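*Asks:* In mature numbering (1 follows the signal peptide of the UniProt record, and there is no 0), the protein residues as written are -34 to -1, 1 to 612.
Quick one: this structure, given as structure tokens, is what I'll be asking you about.
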């Protein structure tokens, strides 16, 4: 028999129960108090209260999850109450979850039940200069009424929050007032405040919180493809090249599915005479102080047919994706796919009233135009998945005018749009310079097929130091865009290879990301993105009989002035890789190779060779096959034993 031994006296237990009961009574009291908040006292003058009649599913003020931005309320929302040194990475966003909507006796008046959620995250440094992150969640349960006719919404509710400053639990009561909750266009905003119902000297009081949201229901697109016909391109087009033709989305793709990434990053390339003091800065010269190098495109809603899309367009001062809302560096835009020109035409608007309070923000200057397209032909010099330009349709002397800026995507991944082709331009150079190994006669070694998934892998630089990570993704093999195949990951016989050709043209996208800054590697010193990332496009020949890959490549330099010059690329790079056979292992390393410069040693673009190694994907495949064999043998033994027993 098991006995349970309780430590502590009966009086201590009784005391604990008393405190527990008191705590439960406190929570019940708070709950009762929460239900007594009067909607009539705080909201009836904005939207009249009315008895509900039935649930509503058609006329809704918000989608189930609506995001927005806020400022203020530091008493409860500041996650750095002790004023530690910190960076500016405070994420000022919230989410409004609509739970129930009901019709009422009054026409166009609906009762709404929702939750207003603040997920607070802040990065700061404590006394030991250690970087720390704090996370908290404050959720207001709200009920109220919305007028579809006036666009006004008023709700009252409660929440609980632990105060780091006071060291106690706060019972928060508040009223939420929002305006602009109705049919919307590109210039529409939802704004308002969340205000405390406690008196200023009450410990539960908090400062007013300004709220800003972009309407997502019943959006009306103001531009159509035909309206862009005369203003989209003007007399200045993106530089003519082999990538000047564009992919058609066809009937199976929508612009929304292609731009499905939360953030699409583009590199800006200005005219040769551009500087931040002239009319080439899309943000203007005042109150900004920098010339943007990147542009973020963040889709936030698509039309029902998937061919029109709304976005946020942001011009950050660094490459981090996490920024507080800043009306000085953000535009709002909408775009429609043009089936005739195979491009997306975008109109964008600025914030015209930029105050310290978000609730006073306004959108009005819609003079910004943009188009983007998907090049149909890639080459070693133009492996760009998205290409476009942005400009102002104002006159040169008008405030807000800026010259055309070309932009191209930084993460040039295959987007799955049919029709893409790769054009090999370095074939003769490769065949003259790359000497392929002669295979050993009667060798039983098998190497990855050029179309197999093993051709996509990651590497580390100089193996022992591991100063960088590398991602190697094939673009094309022969005349086919690389798709990968799980079946072709199995060893391929030499007879089948011979029928399709042992030597295959192949192209790659190589991304090298620096892990730390010491030792300084010359390859990164004059490359893009703050010397922490190198993008290399390469093409060459893969010998599937020996596992040898020889390529020539070019890298984007990303010069500080970001001008459209021929010296943006370094074309003198050689890449050599050696794959290990599928049926062999060598100290855990399956791919070895190097990235070398062909520039003269005294040329500024020259860099010392970088040696790479990898544990390719087929490491896992080989281990899996061994595991399958072991399982198969084990099951066979079990079956034999079972048969013997029978």
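Quick reminder that beta carbons are idealized off the backbone N, C-alpha and C, glycines included.
Keep in mind that this is a model prediction, so the values were computed, not measured.
Look up residue 391 in the DSSP assignment and say whether it is helix, strand or coil.
*Replies:* For this step, residue 391 is matched to residue 425 along the chain shown. Three-state DSSP puts residue 391 in coil, outside helix and strand.
*Asks:* What is the DSSP secondary structure of residue 163, reduced to helix, strand or coil?
*Replies:* Indexing the chain shown from 1 puts residue 163 at position 197. DSSP places residue 163 in coil when its eight states are reduced to three.
*Asks:* Where residue 156 and residue 11 are concerned, what is the direct C-alpha to C-alpha distance, given to the nearest angstrom?
*Replies:* As a position in the chain shown, residue 156 is number 190, starting the count at 1. As a position in the chain shown, residue 11 is number 45, starting the count at 1. Cα-Cα distance, rounded: 19 Å.
*Asks:* Would a C-beta distance cut-off of 7 Å place residue 333 and residue 317 closer than the cut-off?
*Replies:* On the chain shown, residue 333 is found 367 positions in, with the first residue counted as 1. On the chain shown, residue 317 is found 351 positions in, with the first residue counted as 1. Taking 7 Å as the Cβ cut-off, residue 333 and residue 317 do not qualify as a contacting pair.
*Asks:* Are there three or more Cβ pairs, one per stretch, closer than 8 Å when the segment 56 to 69 is compared with the segment 163 to 173?
*Replies:* no
*Asks:* Would you call residue 557 buried or exposed, if buried means 16 or more other Cβ atoms sit within 10 Å of its Cβ?
*Replies:* The count along the chain shown starts at 1 and reaches residue 557 at position 591. Residue 557 should be labelled buried.
*Asks:* Considering just the uninterrupted stretch of the alpha helix (DSSP H) at residue 536, what are its terminal residues?
*Replies:* For this step, residue 536 is matched to residue 570 along the chain shown. No alpha helix (DSSP H) contains residue 536, which is instead part of the beta strand (DSSP E) from 535 to 545.
*Asks:* Could you please give the first and the last residue of the uninterrupted beta strand (DSSP E) stretch that includes residue 476?
*Replies:* Counting from 1 along the chain shown, the entry for residue 476 is found at position 510. Residues 469 to 480.
*Asks:* Does residue 355 pass the burial test, meaning 16 or more other C-beta atoms within 10 Å, or should it be called exposed?
*Replies:* What you label residue 355 is simply residue 389 of the chain shown in a count that begins at 1. The residue is buried, with at least 16 neighbouring Cβ atoms inside 10 Å.
*Asks:* Rounded to the nearest angstrom, what separates residue 78 and residue 26 at their Cα positions?
*Replies:* Position 112 of the chain shown, counted from the first residue, corresponds to residue 78. Position 60 of the chain shown, counted from the first residue, corresponds to residue 26. If you take the alpha carbons of residue 78 and residue 26, they lie about 9 Å apart.
*Asks:* Pick out whichever of 469, 43, 387, 420 has its Cα sitting closest to the Cα of residue 506.
*Replies:* Within the chain shown, numbered from 1, the residue matching residue 506 stands at position 540. Per the Cα distances, 469.
*Asks:* Can you find at least 3 beta carbon pairs, one from the segment 339 to 355 and one from the segment 175 to 187, that sit closer than 8 Å?
*Replies:* no
*Asks:* Cβ atoms of residue 8 and residue 141: under 7 Å apart, would you say?
*Replies:* Taking the chain shown and counting its residues from 1, one reaches residue 141 at position 175. Taking the chain shown and counting its residues from 1, one reaches residue 8 at position 42. Taking 7 Å as the Cβ cut-off, residue 141 and residue 8 qualify as a contacting pair.
*Asks:* On the criterion of 16 or more Cβ atoms from any shown chain inside 10 Å, does residue 66 qualify as buried, or is it exposed?
*Replies:* Taking the chain shown and counting its residues from 1, the one referred to as residue 66 is at position 100. Around the beta-carbon of residue 66, fewer than 16 other beta-carbon atoms lie within 10 Å, marking it exposed.
*Asks:* Report buried or exposed for residue 230, applying the criterion of at least 16 other Cβ atoms within 10 angstroms of its Cβ.
*Replies:* Taking the chain shown and counting its residues from 1, one reaches residue 230 at position 264. Residue 230 should be labelled buried.
*Asks:* In whole angstroms, what is the alpha-carbon distance linking residue 476 and residue 537?
*Replies:* The residue you call residue 476 lines up with position 510 of the chain shown. The residue you call residue 537 lines up with position 571 of the chain shown. Distance between the alpha carbons of residue 476 and residue 537 is about 14 Å.
*Asks:* May I have the straight-line CA-CA distance separating residue 511 from residue 416, to the nearest angstrom?
*Replies:* Taking the chain shown and counting its residues from 1, one reaches residue 511 at position 545. Taking the chain shown and counting its residues from 1, one reaches residue 416 at position 450. Rounded to the nearest angstrom, the two C-alpha atoms are 10 Å apart.
*Asks:* Would DSSP call residue 502 helix, strand or coil?
*Replies:* Residue mapping note: residue 502 aligns to position 536 of the chain shown, counting from 1. DSSP places residue 502 within a strand segment (E or B) once states are collapsed to three.
*Asks:* How would you write the range of the alpha helix (DSSP H) that residue 153 sits in, first residue to last?
*Replies:* Translated into the one-based positions of the chain shown, residue 153 becomes position 187. Membership of residue 153 in any alpha helix (DSSP H) is not indicated, and neither H nor E is assigned to it by DSSP.
*Asks:* Grab me the residues of residue 143's own chain with a C-beta within less than 7 Å of its C-beta, minus the 5 sequence neighbours each way, in chain order.
*Replies:* Along the chain shown, one-based indexing puts residue 143 at 177. Only 12, 120, 158, 159 meet the Cβ criterion.
*Asks:* My guess is that residue 188 and residue 38 are in contact by the Cβ rule of under 8 Å, so how many angstroms apart are they, rounded?
*Replies:* Within the chain shown, the letter at position 222 stands for residue 188. Within the chain shown, the letter at position 72 stands for residue 38. Actually they do not touch by this definition, with Cβ atoms about 32 Å apart.
*Asks:* Leaving out the 5 sequence neighbours to the left and right, which residues in its chain are closer than 7 Å to residue 456 when beta-carbon positions are compared?
*Replies:* Reading the chain shown from its first residue, position 490 is the one you call residue 456. In this predicted model, residue 456 has a pLDDT of only 35, less than 50, meaning its place in the structure is not dependable enough to derive any value.
*Asks:* Under 7 Å, Cβ to Cβ, is there at least one residue of chain D near residue 539?
*Replies:* This model lacks chain D altogether; it includes just one protein chain.
*Asks:* Hey, would you say residue 277 sits closer than 7 Å to residue 296, going by beta carbons?
*Replies:* Locating residue 277 in the chain shown gives position 311, counting from the first residue. Locating residue 296 in the chain shown gives position 330, counting from the first residue. Taking 7 Å as the Cβ cut-off, residue 277 and residue 296 do not qualify as a contacting pair.
*Asks:* Taking residue 86 as the reference, give the member of 214, 370, 74, 40 with the closest Cα.
*Replies:* As a position in the chain shown, residue 86 is number 120, starting the count at 1. Restricting attention to 214, 370, 74, 40, the CA atom closest to the CA of residue 86 is found in 40.
*Asks:* Mind checking who residue 12 pairs with in its DSSP beta bridge?
*Replies:* Here residue 12 corresponds to residue number 46 of the chain shown, with the count starting at 1. Note: residue 12 sits in no beta bridge, so no partner.
*Asks:* Using CA atoms only, rank isn't needed, just tell me which of 435, 419, 395, 418 is closest to residue 518.
*Replies:* For this step, residue 518 is matched to residue 552 along the chain shown. It is 395 whose Cα lies nearest to the Cα of residue 518.
*Asks:* Could you give the first and the last residue of the continuous alpha helix (DSSP H) run that contains residue 224?
*Replies:* By 1-based counting over the chain shown, the position of residue 224 is 258. Per DSSP, residue 224 belongs to the alpha helix (DSSP H) from 221 to 224.
*Asks:* Just to confirm, are residue 69 and residue 20 a CB contact at a threshold of 7 Å?
*Replies:* Along the chain shown, one-based indexing puts residue 69 at 103. Along the chain shown, one-based indexing puts residue 20 at 54. Against a cut-off of 7 Å, the Cβ pair of residue 20 and residue 69 comes out as a contact.
*Asks:* By DSSP's criteria, residue 368 is part of a beta bridge. Which residues make up the other side?
*Replies:* Here residue 368 refers to the residue found at position 402 when the chain shown is read from its first residue. According to DSSP, which records beta bridges pairwise, residue 368 is partnered with nothing at all.
*Asks:* Contact defined as beta carbons within less than 8 Å: I believe residue 43 pairs with residue 62. What is the distance between those atoms, to the nearest angstrom?
*Replies:* The residue given as residue 43 occupies position 77 in the chain shown. The residue given as residue 62 occupies position 96 in the chain shown. Incorrect: roughly 15 Å between the Cβ atoms, too far for contact.
*Asks:* Which same chain residues, not among the five before or five after residue 211, have their C-beta less than 6 Å away from its C-beta?
*Replies:* As a first step, residue 211 is located in the chain shown; it is residue number 245 there, counting from the start. Apart from sequence neighbours up to five positions away, the residues of its chain that approach residue 211 with a beta-carbon distance below 6 Å are 342, ordered along the chain.
*Asks:* Under a Cβ-count criterion, where at least 16 other Cβ atoms within 10 Å of its own Cβ denotes burial, should residue 440 be classed as buried or exposed?
*Replies:* Here residue 440 is taken as the residue at index 474 of the chain shown, counted from 1. Classification of residue 440: buried, given that the 10 Å Cβ count is 16 or more.
*Asks:* With a CB to CB cut of under 6 Å and the five nearest residues on each side skipped, what residues in its chain are close to residue 527?
*Replies:* Mapped onto the chain shown, residue 527 falls at position 561. For residue 527, the predicted model reports a pLDDT of 42, less than 50, meaning its position is unreliable; a value from the coordinates is still stated below. Take residue 527, set aside five residues on each side of it, and no residue of its chain has a beta-carbon closer than 6 Å to its own.
*Asks:* If distances are taken between C-alpha atoms only, which option among 372, 572, 362, 75 comes closest to residue 261?
*Replies:* Sequence index remark: in the chain shown, residue 261 carries index 295 (1-based). Cα-wise, what sits closest to residue 261 is 372.
*Asks:* When you compare only the Cα positions, how much space is there between residue 228 and residue 265?
*Replies:* Indexing the chain shown from 1 puts residue 228 at position 262. Indexing the chain shown from 1 puts residue 265 at position 299. Taking the straight line joining both Cα atoms gives about 7 Å.
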